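S.K.: Those sequence lines, one after another, are chains A and B. Its first residue numbered 0, the first sequence is counted upward by one per residue in numbering that gives the first Met the number 0. Its first residue numbered 0, the second sequence is counted upward by one per residue in numbering that gives the first Met the number 0.
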Amino acid sequence: MSQREASEAAPGFGAARRDSYSRLAVADGLLAFTIIAVLAAGAGIADKLGDSLVLLAVATITGSIAIATRRTFVRRERPPTARVIAGLASTWASLVLAGSVVYLASGTITTVDEALFESAAGFSTVAATTLDPESLGTSMSLFRAGTQFVGGLVGLLAGVVALPRTMKGNVQIPKGRGSRADRLVPDPVIGRQRVVRLYLALATACGFGYLITGLGVRSSLIHALTTVSTGGFSDRADSFVSAPGGAKVVATVFMLIGGVSFFALFWLLRGNHRRFVKSPELRIYLGIIGVVTLSLLREVDGLSVGDALFTAASASSTTGLAVTEWTGFPSGALALLLVAVATGAMGASAGSGLRVIRAWLLCLFAAREIRRQLDPNAVTLVRHGGRTLDDKELDSLTGYQIAHFGLCGIGAFMLALTGAELVDSLWTAISVVSTFGPSPTMGAFGDADELGRLGQLVMIPGMLAGRLTILPLLLAVAAVQQGYRALFLGIRRLARPRR
Amino acid sequence: MSNGRFLAVRKTAIRRATEMSFGQAKIESTTLHVMGIAVAAISLGMFIGALVEWGSTNRDTAALLISGTLALVAGGLLWWVTVPGTVRARDVFSAVGWTWLVVTLVGAVPYLLGGTFDVPGIDRSGQFVNAIFESASGYSATGSTSLTDFEHPGRGMMMHRQITQWYGGMGMVVIAVAVLPFLGVGGMDLMSAEAPGPSGDRLTPRVSETAKRLWFTYVLFTVGVSVTLIAIPGPSVYDAIAHGLTTIATGGFSPHADSIGTFDSGAVELAIIVGMVLGGTNFALHWRAVTGDRLAYWRDPEFRTYLKLLIGASVLVIGLLWLDAGLGITEAIRAGVFNVVAIATSTGYGSAQGAGSSGDFALWVPAAQLVLLFLMVVGSSSGSTAGGLKVMRLQILLAHSIRSVRHSQQPHAVMPVKHGKAAVHENIVRRMTGFFLLYLLLVLAGIVGLAALGNGLLESISGTIGALGNTGPALGQAGPTANFTEAFNEPGRLLLSLYMLIGRLEIFPILLMFAAPLRAVRDRVR
Numbered sequence: 000m001s002q003r004e005a006s007e008a009a010p011g012f013g014a015a016r017r018d019s020y021s022r023l024a025v026a027d028g029l030l031a032f033t034i035i036a037v038l039a040a041g042a043g044i045a046d047k048l049g050d051s052l053v054l055l056a057v058a059t060i061t062g063s064i065a066i067a068t069r070r071t072f073v074r075r076e077r078p079p080t081a082r083v084i085a086g087l088a089s090t091w092a093s094l095v096l097a098g099s100v101v102y103l104a105s106g107t108i109t110t111v112d113e114a115l116f117e118s119a120a121g122f123s124t125v126a127a128t129t130l131d132p133e134s135l136g137t138s139m140s141l142f143r144a145g146t147q148f149v150g151g152l153v154g155l156l157a158g159v160v161a162l163p164r165t166m167k168g169n170v171q172i173p174k175g176r177g178s179r180a181d182r183l184v185p186d187p188v189i190g191r192q193r194v195v196r197l198y199l200a201l202a203t204a205c206g207f208g209y210l211i212t213g214l215g216v217r218s219s220l221i222h223a224l225t226t227v228s229t230g231g232f233s234d235r236a237d238s239f240v241s242a243p244g245g246a247k248v249v250a251t252v253f254m255l256i257g258g259v260s261f262f263a264l265f266w267l268l269r270g271n272h273r274r275f276v277k278s279p280e281l282r283i284y285l286g287i288i289g290v291v292t293l294s295l296l297r298e299v300d301g302l303s304v305g306d307a308l309f310t311a312a313s314a315s316s317t318t319g320l321a322v323t324e325w326t327g328f329p330s331g332a333l334a335l336l337l338v339a340v341a342t343g344a345m346g347a348s349a350g351s352g353l354r355v356i357r358a359w360l361l362c363l364f365a366a367r368e369i370r371r372q373l374d375p376n377a378v379t380l381v382r383h384g385g386r387t388l389d390d391k392e393l394d395s396l397t398g399y400q401i402a403h404f405g406l407c408g409i410g411a412f413m414l415a416l417t418g419a420e421l422v423d424s425l426w427t428a429i430s431v432v433s434t435f436g437p438s439p440t441m442g443a444f445g446d447a448d449e450l451g452r453l454g455q456l457v458m459i460p461g462m463l464a465g466r467l468t469i470l471p472l473l474l475a476v477a478a479v480q481q482g483y484r485a486l487f488l489g490i491r492r493l494a495r496p497r498r
Numbered sequence: 000m001s002n003g004r005f006l007a008v009r010k011t012a013i014r015r016a017t018e019m020s021f022g023q024a025k026i027e028s029t030t031l032h033v034m035g036i037a038v039a040a041i042s043l044g045m046f047i048g049a050l051v052e053w054g055s056t057n058r059d060t061a062a063l064l065i066s067g068t069l070a071l072v073a074g075g076l077l078w079w080v081t082v083p084g085t086v087r088a089r090d091v092f093s094a095v096g097w098t099w100l101v102v103t104l105v106g107a108v109p110y111l112l113g114g115t116f117d118v119p120g121i122d123r124s125g126q127f128v129n130a131i132f133e134s135a136s137g138y139s140a141t142g143s144t145s146l147t148d149f150e151h152p153g154r155g156m157m158m159h160r161q162i163t164q165w166y167g168g169m170g171m172v173v174i175a176v177a178v179l180p181f182l183g184v185g186g187m188d189l190m191s192a193e194a195p196g197p198s199g200d201r202l203t204p205r206v207s208e209t210a211k212r213l214w215f216t217y218v219l220f221t222v223g224v225s226v227t228l229i230a231i232p233g234p235s236v237y238d239a240i241a242h243g244l245t246t247i248a249t250g251g252f253s254p255h256a257d258s259i260g261t262f263d264s265g266a267v268e269l270a271i272i273v274g275m276v277l278g279g280t281n282f283a284l285h286w287r288a289v290t291g292d293r294l295a296y297w298r299d300p301e302f303r304t305y306l307k308l309l310i311g312a313s314v315l316v317i318g319l320l321w322l323d324a325g326l327g328i329t330e331a332i333r334a335g336v337f338n339v340v341a342i343a344t345s346t347g348y349g350s351a352q353g354a355g356s357s358g359d360f361a362l363w364v365p366a367a368q369l370v371l372l373f374l375m376v377v378g379s380s381s382g383s384t385a386g387g388l389k390v391m392r393l394q395i396l397l398a399h400s401i402r403s404v405r406h407s408q409q410p411h412a413v414m415p416v417k418h419g420k421a422a423v424h425e426n427i428v429r430r431m432t433g434f435f436l437l438y439l440l441l442v443l444a445g446i447v448g449l450a451a452l453g454n455g456l457l458e459s460i461s462g463t464i465g466a467l468g469n470t471g472p473a474l475g476q477a478g479p480t481a482n483f484t485e486a487f488n489e490p491g492r493l494l495l496s497l498y499m500l501i502g503r504l505e506i507f508p509i510l511l512m513f514a515a516p517l518r519a520v521r522d523r524v525r
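What follows is the structure, encoded as structure tokens:
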């Protein structure tokens, strides 16, 4: 009898445990939150006691809720896509709420909207902040970095374990005929454990790298949490501008790794180097970074190769760390950076954006239509990495991506309504939906005060969509539409004269 | 060799031998034949321009006459020495793509001979680029201009410029009936699904007959707008005809630097608005309405959405101008409605009376500008003379996107994409999605390309979208009171010229026009 079956057979307190994917997902999220909060509180107890106490108090509450939920509910069968999405969205929302309670209760932020924005930016791995990072104590700085670490993990688990099993259009790795490449292992629990282990190992390696290159213990820990998660928060107001050269190299390497598919990393770890090197998505990802680096060197006078590569890696992996105030770059460099940010990292990685694989498949789809125009009767297929993609999967992919582009447009319009300039609105909306963060409005170091309070609020749904796919928002809209329709039909039924 | 193939080869050999014996060896090429007819046809516009020039300013008469004669002779010769060959999809793309390119080059000759751009500050290469740009803007019915001095060219040259856009609109009608059905993304074939009865597929069984009917409608509306403008106090007969030619064509060229703002007349603006809305409507609907089917407009789901889009965008922009920009309500309504319709129909006329006036949308609040940018992308109805993605494609793409979301709730449900009440075939949905993705890729490439060439980011974004949507004026320094010579550098203007043609030909023909000659060469080599 497996562990899960045993757990179901013997429910706590003799009561039958109910099935709820969403509640258990929330409980898992809150458990991760609790761990981060307790560790941050412990690390900063000698620095600012008040912050540590607040963190411990909130951690006690979230931990209790998580344990109680896990004892009450059980996950029995594979849930449908809508419920998986609802679970992920609920997890994200509860994490954001808990995070904002920490900021408000500790007095780090005094207004609800700013606390919500800061927390949402953390759990969405967006490098935009309303705080002066240098004014924060150790515990709060670590907690803030921890929110990005948890956010990156939630996004990663969603992309690698939860969504590929249920959601057709959420292509993280193409499913081919007869291929099972979309799963790490048949059992999602084992898959989840492997992802968490690798994620932790990468963060640890990154932290050691920073430590060796002279970044200091606190800074190393904070940046390790925000680099591998492609978050981008820093404990310095100027991000990596004044960091040692070696630390910049470490950051570049781990940003690049953060943007690499975990499937590809597993291939590498299992010794399948050939498959790793031959991955077309990896080649395109590195190709984009190479092209952006070369273009930056060509366009920007006086930019070093290292800084160009750092900026390109930061944009492509959607991390948001900065070594230079790139918002003053010539328009050609800015346009290319925007394309890199919009394309984003590889599928099934901690990074976000459109994802290289989806962008590539969309290009292949468009190329197929050109071929079809030339030879209308020819059988034209979309192939990627030796696999053929079926039309239904491509249809789902294109359908979601059209909604993704629409969301960027709506976000830009909402920002423009708050008075932001047109280019800035577009840049910021794309940057936030890609979970990058910085934009010409906010500057390279992501000063979100420049957005204004309304601007910050309207960007929160964009962060959710960026981190967990656009589907939660669309399902919410669909629910409102269905509610509206039901209301309309009800009124009509009432208004209809009875015979 | 099979018997059938042997007979076919023998037949070809006999035909060639017969032709040779009579000394009539003609080149079999659909592309060259169509090109010849088109080049000869545009000479008429140059002669009309010469006539107007001769009767008025008489500065560019010789340039127009020489250009017209050259075009007539070259086009006539090309037509004479060629015979149309096969008409497969790729031949149609090739014919249309190359023809438009050559017509654009020929259309630039009068500007070069007349020294239209020979003004202080523009060197030889600049004049050449501007002539190409102006010609491309004309024949693609875009309306962007590189003219810095509107008083410099003669009236006849300006009339030739207006006529180029009228030709562009006329060519669009040909594309709608002859090219887009090959692509399956144009909407005429979709409209057929909406129309009841077996004859709903096309207006007539023959493409040429359909084109003639649509051209008749086009001419009728052109005359209608011109006559209306003549009847309204303000514009002269010359102005009325000049604007009549570019309104139904949704071109947007005007002989005046301030465009429609020159007249400062609500009546003129209203007449132009109606004309632009008609130009942005599917011409097949016009024909049906003209022939007695009055409800044809209302039955068409695309037309209904088109109107809703115009009204919704107008209300939004008026609200933003009134509440956010601080304009008076009357001023906001006048500037808002005119510019929304001008941009949505991809006409691109301006109602601004100089920089900084209420109609200068380059200085509007960013949210209103974003609405205009969205309209530049969408454009108007399929089968119209307007550019952009087209409302029907937007409807289908939205329906496709919504279906994807619903599929996540009900994975096993069968949900066809519907347009109106009719289900759209999956192949058409995929083709439209492919078209949209290509459009997006081109926009991205254009923005990066223009910005990398040293142009501003706002100008690059709006200029690319405006050129691909054949709108005309853009934002920033390329606004309705500015010109593209000052907003973009020479390579940027050349790139925009190419984009105008790509946008006018609905992307595929320009991308595929190299395929037919390449395959012909490949076949011969084999």
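A virtual CB, placed ideally from N, CA and C, is assigned to each residue, including glycine. Small disclaimer: the values here were computed from a predicted structure and weren't measured.
(1) Taking just the CA atoms, how far does leucine 255 of chain A sit from tyrosine 217 of chain B?
(2) Per DSSP, what kind of secondary structure is alanine 422 of chain B in: helix, strand or coil?
(3) Which residue wins for smallest C-alpha separation from glycine 386 of chain B, given the options B:Met275, B:Gly113, B:Phe262, B:Val80?
(4) Compare the Cα-Cα distances from serine 313 of chain A to each of A:Ser430, A:Arg273, A:Val276, A:Gly408 and report the closest residue.
(5) Tell me which residues share the same chain as isoleucine 460 of chain B and place their Cβ nearer than 7 Å to its Cβ, disregarding the 5 neighbours each side in the sequence.
(6) Leaving out five residues before and five after alanine 192 of chain B in sequence, what residues of the same chain have Cβ atoms less than 7 Å from its Cβ?
(7) Report the residues of the region 309 to 339 of chain A with a CB closer than 9 Å to any CB of chain B, ordered along the chain.
(8) What are the boundary residues of the alpha helix (DSSP H) that includes valine 314 of chain B?
(9) Ordered along the chain, which non-local residues of its own chain (more than five positions away) have a Cβ less than 6 Å from that of alanine 451 of chain B?
(10) Per the DSSP calculation, valine 82 of chain B is bridged to which residue(s)?
(11) Give the range of the alpha helix (DSSP H) segment to which leucine 255 of chain A is assigned.
(12) Could you tell me which of A:Arg492, A:Thr128, A:Val227 sits nearest to leucine 199 of chain A, measuring between CA atoms?
(13) Would you call glutamine 147 of chain A buried or exposed, if buried means 16 or more other Cβ atoms sit within 10 Å of its Cβ?
(14) Tell me the DSSP secondary structure of histidine 411 of chain B in three-state form.
(15) Give the straight-line distance between the Cα atoms of isoleucine 121 of chain B and arginine 492 of chain B, rounded to the nearest whole angstrom.
(16) I want to verify the contact list: residues of chain B whose CB lies under 7 Å from the CB of glutamate 420 of chain A, in sequence order.
(17) What does glycine 455 of chain B touch in chain A if you count any residue whose Cβ is under 7 Å from its own?
(18) Is phenylalanine 487 of chain B close to chain A, meaning its C-beta is less than 8 Å from at least one C-beta of that chain?
(19) Where in the region 360 to 438 of chain A do unbroken runs of the beta strand (DSSP E), each at least 3 residues long, occur, reported from the N-terminal end onward?
(20) At which residues does the alpha helix (DSSP H) containing methionine 169 of chain B begin and terminate?
(21) Put arginine 492 of chain A into one of helix, strand or coil per three-state DSSP.
(22) At least one CB of chain A closer than 8 Å to the CB of arginine 521 of chain B: is that the case?
(23) Just by C-beta distance, which residues in the region 403 to 432 of chain B are closer than 8 Å to chain A?
(24) Exposed or buried, which one is glutamate 27 of chain B when buried takes at least 16 other CB atoms within 10 Å?
(25) Assign arginine 193 of chain A to one of three DSSP states: helix, strand, or coil.
(26) CB-CB under 7 Å to valine 340 of chain B, same chain, minus the five flanking residues each way: which ones, in chain order?
(27) Just reading off the alpha helix (DSSP H) that tyrosine 102 of chain A is part of, what are its end residues?
(28) From the DSSP output, in three-state form, read off aspartate 117 of chain B for me.
(29) Determine the burial state of lysine 155 of chain B: buried for a count of at least 16 other Cβ atoms within 10 Å of its Cβ, exposed for fewer.
(30) Between leucine 130 of chain A and chain B, is there a C-beta pair that is closer than 8 Å?
(31) Counting only the same chain and skipping the five closest in sequence on each side, list residues whose C-beta sits under 7 Å from that of glycine 177 of chain A.
(32) Does any CB atom of chain B fall closer than 8 Å to the CB of phenylalanine 253 of chain A?
(33) Spell out the partners DSSP gives lysine 47 of chain A in its beta bridges.
(34) Which residues, in chain order, does the region 360 to 371 of chain A contribute to contact with chain B at a C-beta distance below 8 Å?
(35) Hey, could you find the ends of the alpha helix (DSSP H) proline 460 of chain A is sitting in?
M.R.: Well, looking at it:
(1) Your numbering for residue 217 of chain B matches position 218 in the second sequence. Your numbering for residue 255 of chain A matches position 256 in the first sequence. Rounded to the nearest angstrom, the two C-alpha atoms are 57 Å apart.
(2) Position 423 of the second sequence, counted from the start, is the residue given in the question as residue 422 of chain B. In the structure shown, alanine 422 of chain B sits in a strand (DSSP, three-state: E or B).
(3) Here residue 386 of chain B refers to the residue found at position 387 of the second sequence. The shortest Cα separation from glycine 386 of chain B among B:Met275, B:Gly113, B:Phe262, B:Val80 belongs to B:Met275.
(4) To locate residue 313 of chain A, count along the first sequence from 1; it is residue 314. Checking every option, the nearest Cα to that of serine 313 of chain A belongs to A:Ser430.
(5) The sequence position of residue 460 of chain B within the second sequence is 461, counting from 1. If we look at isoleucine 460 of chain B and ignore the five residues flanking it on each side, its Cβ neighbours are Ile446.
(6) The residue you call residue 192 of chain B lines up with position 193 of the second sequence. Residue placement at alanine 192 of chain B is poorly supported in this model, since its pLDDT is 37, which falls under 50; the coordinates still yield a value, given next. Once the five neighbours on either side are set aside, the close Cβ partners of alanine 192 of chain B are Ala421.
(7) Residues of the region 309 to 339 of chain A that bring their beta carbon within less than 9 Å of a beta carbon in chain B comprise Pro329, Ser330, Gly331, Ala332, Leu333, Ala334, Leu335, Leu337, Val338, in sequence order.
(8) Taking the second sequence and counting its residues from 1, one reaches residue 314 of chain B at position 315. From DSSP, the alpha helix (DSSP H) with valine 314 of chain B extends over 300 to 318.
(9) On the second sequence, position 452 is the one that residue 451 of chain B refers to. Nothing meets the Cβ criterion.
(10) Residue 82 of chain B sits at position 83 when you count from the first residue of the second sequence. In DSSP, valine 82 of chain B forms a bridge with B:Glu27.
(11) Counting from one through the first sequence, the residue named residue 255 of chain A turns up at place 256. Segment 244 to 257, the alpha helix (DSSP H) holding leucine 255 of chain A.
(12) As a position in the first sequence, residue 199 of chain A is number 200, starting the count at 1. That would be A:Val227, whose Cα lies nearest to the Cα of leucine 199 of chain A.
(13) Translated into positions along the first sequence, residue 147 of chain A becomes position 148. Label assigned to glutamine 147 of chain A: buried.
(14) Translated into positions along the second sequence, residue 411 of chain B becomes position 412. The answer is coil: DSSP assigns histidine 411 of chain B none of H, G, I, E or B.
(15) Here residue 121 of chain B corresponds to residue number 122 of the second sequence, with the count starting at 1. Here residue 492 of chain B corresponds to residue number 493 of the second sequence, with the count starting at 1. Taking the straight line from one Cα to the other gives about 14 Å.
(16) Position 421 of the first sequence holds residue 420 of chain A. Per Cβ cutoff of 7 Å: Pro365.
(17) Start at 1 with the first residue of the second sequence, and residue 455 of chain B comes out as number 456. What glycine 455 of chain B touches in chain A: Ser330.
(18) Position 488 of the second sequence, counted from the start, is the residue given in the question as residue 487 of chain B. When Cβ-Cβ separations below 8 Å define contact, phenylalanine 487 of chain B makes no contact with chain A.
(19) 381 to 383, 386 to 388
(20) Position 170 of the second sequence, counting from 1, holds the residue named residue 169 of chain B. Residues 154 to 173.
(21) Translated into positions along the first sequence, residue 492 of chain A becomes position 493. DSSP places arginine 492 of chain A in helix when its eight states are reduced to three.
(22) Within the second sequence, the letter at position 522 stands for residue 521 of chain B. Judged by the 8 Å Cβ criterion, arginine 521 of chain B is not in contact with chain A.
(23) Taking 8 Å as the cut-off between beta carbons, the residues of the region 403 to 432 of chain B near chain A are Ser403, Val404, Arg405, His406, Ser407, Gln408, Pro410, Glu425, Val428, Arg429, Arg430, Thr432, in sequence order.
(24) Stepping through the second sequence from its first residue, residue 27 of chain B is reached at position 28. Exposed, since its Cβ has fewer than 16 Cβ neighbours within 10 Å.
(25) For this step, residue 193 of chain A is matched to residue 194 along the first sequence. If DSSP states are grouped into helix, strand and coil, arginine 193 of chain A belongs with the helices.
(26) Here the question's residue 340 of chain B lines up with position 341 in the second sequence. Cβ neighbours of valine 340 of chain B within its own chain (closer than 7 Å, five residues either side excluded): Ile272, Met275, Val276, Leu309.
(27) As a working note, residue 102 of chain A is residue 103 in the first sequence. Looking at the DSSP string, the run of the alpha helix (DSSP H) that includes tyrosine 102 of chain A is 80 to 105.
(28) Position 118 of the second sequence, counting from 1, holds the residue named residue 117 of chain B. Note: aspartate 117 of chain B maps to coil in three-state DSSP.
(29) One-based indexing of the second sequence puts residue 155 of chain B at position 156. Per the sequence presented here, residue 155 of chain B reads as glycine, with lysine not at that position. With 16 or more Cβ atoms within 10 Å of its Cβ, glycine 155 of chain B is classed as buried.
(30) Within the first sequence, residue 130 of chain A is the residue found at index 131, counting from 1. Not a single CB atom of chain B sits nearer than 8 Å to the CB of leucine 130 of chain A.
(31) As a first step, residue 177 of chain A is located in the first sequence; it is residue number 178 there, counting from the start. Bear in mind that the predicted position of glycine 177 of chain A carries a pLDDT of just 34, short of 50, making it unreliable; the figure below should be weighed with that in mind. Cβ within range, chain order: n/a, list empty.
(32) As a first step, residue 253 of chain A is located in the first sequence; it is residue number 254 there, counting from the start. No, because no Cβ of chain B sits closer than 8 Å to the Cβ of phenylalanine 253 of chain A.
(33) Against the first sequence, residue 47 of chain A aligns to sequence position 48. Beta-bridge pairing by DSSP links lysine 47 of chain A to no other residue.
(34) Leu361, Cys362, Phe364, Ala365, Arg367, Glu368, Ile369, Arg371
(35) Taking the first sequence and counting its residues from 1, one reaches residue 460 of chain A at position 461. It spans 451 to 467 - the alpha helix (DSSP H) in which proline 460 of chain A sits, taken as one unbroken run.
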